[in-house]
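So the sequence lines, in the order shown, correspond to chains A and B. Following our numbering, the numbering of the first sequence begins with 33 at its first residue and continues without gaps. Following our numbering, the numbering of the second sequence begins with 33 at its first residue and continues without gaps. Every residue, glycine too, gets a C-beta built ideally from N, C-alpha and C. Here the structure is a predicted model, which means the values were calculated and not measured.
There are 2 protein chains.
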Amino acid sequence: MPAGGTARASSANNKRGKPPVLTEDQIVDAALEVIRTEGLEALSMRRLSRELGRSAMAAYWYVEDKQQLLNLVAKKMLAEVPLPDPESGTWDERLRKVVAAIDAKLREHPGIAEILLQRMLSTDRRLMNGVFEILISAGFEGPETFLTYAMIHTYLFGRYQVVLHADEVPDEEQVDNLEDAVATQLPHLERLRGRDFFSYGVDTIIAGLQARLDAKANA
Amino acid sequence: MPAGGTARASSANNKRGKPPVLTEDQIVDAALEVIRTEGLEALSMRRLSRELGRSAMAAYWYVEDKQQLLNLVAKKMLAEVPLPDPESGTWDERLRKVVAAIDAKLREHPGIAEILLQRMLSTDRRLMNGVFEILISAGFEGPETFLTYAMIHTYLFGRYQVVLHADEVPDEEQVDNLEDAVATQLPHLERLRGRDFFSYGVDTIIAGLQARLDAKANA
DNA sequence: ACCTGAACACCGTTCAAGT
DNA sequence: ACCTGAACACCGTTCAAGT
């Protein structure tokens, strides 16, 4: 049972001109690249090994299983997300900044959102702490902090799973149903971009959280 | 290319004591049952065929591919969700009712949430219309209606993807990090149930939406 | 009309073996 | 220490064939 720590390779091997050897970093980067260019569903352990020019099982010396690889991939991405300065504005301004920074990274690697959605706690601890500090500074206490964090998490990463399949959008023939409330609104849908959905949702969540804080203050 | 319409079988076959034949309904029910008892990841086309006592390809006569089967499964579940009477209360009371009714069904078949999260438009049209009508009656207009619908959709179905893996929750040794904002809040997490996360999120979203409506009214 | 069987091109992972 | 190769138990789907 190998693959315990984070730095596995290069500890004692390339001290004397040995052939180049894989590193965990190379493996994670190769995985990220496959996800970036072809999506998460294209990433298989066998595909990854082809990318690395090794046999199918090579990566298993560095990683216990596929789930652990996905953990590492998600953590690596989140590690690059900057945290706003704690003094840099009101709690909601700072929350908007982190959330926008995470979203920017997700736009580069949309497949990662699916991994992260399922892992609320095993994410980058630095980032999670940053968000918790923002929420606590806003005035959330006790269980509320987790409830709020979970809600933001769900929306932020869940959003990327909601895809509009082209064949779902009905065409002209459906417009005849004037009784259909959805049909009457459909023309608006074409003008909406992912960005619109994102900022509308974030703004609404923050407005709702502010209402909670206000209600607490008047009690 | 068979499997065009919804009612495929039993139109002309069991009129004269022929051997019993599969129906789309049986197939969808068998799929629902597998999802209910073992989760979505346990449902494969081959597993389904075993459940039906047929060969691996039997279901393909009724369904074009696995995606279409999942569409049918999701629609069947949503078709059972009751819509509240349009006169039965304020918009937010009615919205809470639909959303709670959907959540009740999801608790029976948690795997379905994953299917639905990815299909915002190809859901039960009756239900989607019901929600749209509630939103329009609340005062949302134009693109706002879609933005609001999408937000509710994302939270409602995304929530079921957020699972707390037992091995993620750190134990006593992490409590030493008193600097760690997350660690200080961890004791609260154990007392929280799925229900708490659900109602906290729904309440916050509704509060945020109400704030939007209020802002519109004062303009 | 309804279903079977074989086949293809994949998966993740175990385990023994090679260098 | 680091990796290969074969094998196992799976997938979804195509396509020809059976009744």
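Give, in chain order, every residue of the region 80 to 102 of chain A whose Cβ lies closer than 7 angstroms to some Cβ of chain B. none
Would you call MET89 of chain B buried or exposed, if buried means 16 or more other Cβ atoms sit within 10 Å of its Cβ? exposed
Neighbourhood of ASP124 of chain A by C-beta distance below 6 angstroms, restricted to the same chain and skipping five residues each side: ILE238
Determine whether the beta carbon atoms of GLU229 of chain B and LEU167 of chain A lie at a separation below 9 angstroms. The amino acid at residue 229 of chain B is misidentified as Glu; the sequence shows Phe. Result no, Cβ atoms of PHE229 of chain B and LEU167 of chain A do not sit closer than 9 angstroms.
If you run the structure through DSSP and keep just helix, strand and coil, what is MET152 of chain A? coil
How long is the line joining the alpha carbons of LEU153 of chain B and LEU196 of chain A, rounded to whole angstroms? 7 angstroms
Give the DSSP-derived three-state secondary structure of ALA62 of chain A in the structure shown. helix
Would a C-beta distance cut-off of 9 angstroms place VAL214 of chain A and ARG191 of chain B closer than the cut-off? no
GLY15 of chain B to LEU102 of chain A span [Cα, whole Å]: The first residue shown for chain B is 33 and the last is 251, placing residue 15 of chain B beyond what the model contains.
Within 7 angstroms of chain B by C-beta, residues of the region 179 to 195 of chain A in sequence order: LEU179, ALA182, MET183, HIS185, THR186, TYR187, GLY190, ARG191, GLN193, VAL194, VAL195
Counting only the same chain and skipping the five closest in sequence on each side, list residues whose C-beta sits under 7 angstroms from that of GLU83 of chain A. ALA62, VAL66
Give the straight-line distance between the Cα atoms of VAL253 of chain A and LEU245 of chain A, rounded to the nearest whole angstrom. Past the boundaries of the shown model lies residue 253 of chain A; chain A is included only from 33 to 251, so the question cannot be answered.
With burial defined as no fewer than 16 other Cβ atoms inside 10 Å of the residue's Cβ, what is the status of LYS107 of chain A: buried or exposed? buried
Give me, in chain order, the residues of the same chain whose beta-carbon lies closer than 6 angstroms to that of ALA170 of chain A; leave out the 5 immediate sequence neighbours on both sides. TRP123
Measure from the C-beta of GLU140 of chain B to each C-beta in chain A and report whether the shortest distance is under 9 angstroms. no
List the endpoints of the continuous alpha helix (DSSP H) containing TYR232 of chain A. 226 to 249
What are the residues in the region 144 to 159 of chain B lying within 9 angstroms of chain A by C-beta distance? GLU146, LEU149, GLN150, ARG151, MET152, LEU153, SER154, ARG157
Of all Cβ atoms in chain B, is any one closer than 9 angstroms to the Cβ of GLU165 of chain A? yes
GLU140 of chain A classed as buried or exposed, judged by whether at least 16 other C-beta atoms fall within 10 angstroms: exposed
Closest by C-alpha distance to TYR181 of chain A, when choosing among B:GLY143, B:THR177, B:GLU222, B:GLY233: B:GLY233
Assumed close pair ALA91 of chain A, MET77 of chain A - CB separation to whole angstroms, cut-off 8 angstroms: 6 angstroms
Which residues in chain A have a C-beta closer than 9 angstroms to the C-beta of VAL113 of chain B? List them in chain order. Going along chain A, no residue has its Cβ under 9 angstroms from VAL113 of chain B, so there is no contact; the nearest lies around 16 angstroms.
By how many angstroms is the C-alpha of GLU56 of chain A removed from the C-alpha of LEU104 of chain A? 9 angstroms
Span of the alpha helix (DSSP H) holding MET89 of chain A? Run containing MET89 of chain A: none; DSSP gives neither H nor E here.
PRO118 of chain A lies in the alpha helix (DSSP H); which residues open and close that run? Unbroken run through PRO118 of chain A: none, as it is neither H nor E.
Ignore the nearest five residues each way along the sequence and tell me which others in MET33 of chain B's own chain have a CB closer than 7 angstroms to its CB. Residue confidence for MET33 of chain B is low, a pLDDT of 38 falling below 50, so the modelled location carries little weight; the figure read from the coordinates is stated next. Closer than 7 angstroms at the Cβ level, and outside the excluded window around MET33 of chain B, lies no residue.
Could you tell me whether the Cβ atoms of ILE147 of chain B and LEU72 of chain B are closer together than 9 angstroms? yes
Which bits of chain A does ILE243 of chain B rub up against, with CB to CB less than 9 angstroms? Correcting the residue identity first, residue 243 of chain B is Ala in this sequence and not Ile. Those are THR236, ALA239, GLY240, GLN242, ALA243, listed as they occur along chain A.
Contacts that VAL105 of chain A makes with chain B (C-beta to C-beta distance below 9 angstroms): The premise fails here: VAL105 of chain A is roughly 16 angstroms from chain B at the closest Cβ pair, so nothing lies under 9 angstroms.
Residues in its own chain within less than 8 angstroms of VAL95 of chain A by CB, not counting five upstream and five downstream? ALA35, GLU56, ILE59, LEU101, LEU104
Counting only beta-carbon separations shorter than 9 angstroms, does VAL53 of chain A have a partner in chain B? no
Apart from the five residues on each side of it in sequence, which residues of its chain come closer than 7 angstroms, Cβ to Cβ, to GLY143 of chain B? ILE67, GLY71, LEU72
Beta-carbon separation (whole angstroms), VAL194 of chain A vs HIS185 of chain B, contact threshold 8 angstroms: 6 angstroms
Any idea if GLY121 of chain A is buried or exposed, counting beta-carbon neighbours within 10 angstroms, 16 or more meaning buried? exposed
Are PHE189 of chain B and ALA145 of chain B closer than 9 angstroms when you measure CB to CB? yes
Classify GLU112 of chain B: buried if its beta carbon has 16 or more other beta carbons within 10 angstroms, exposed otherwise. exposed
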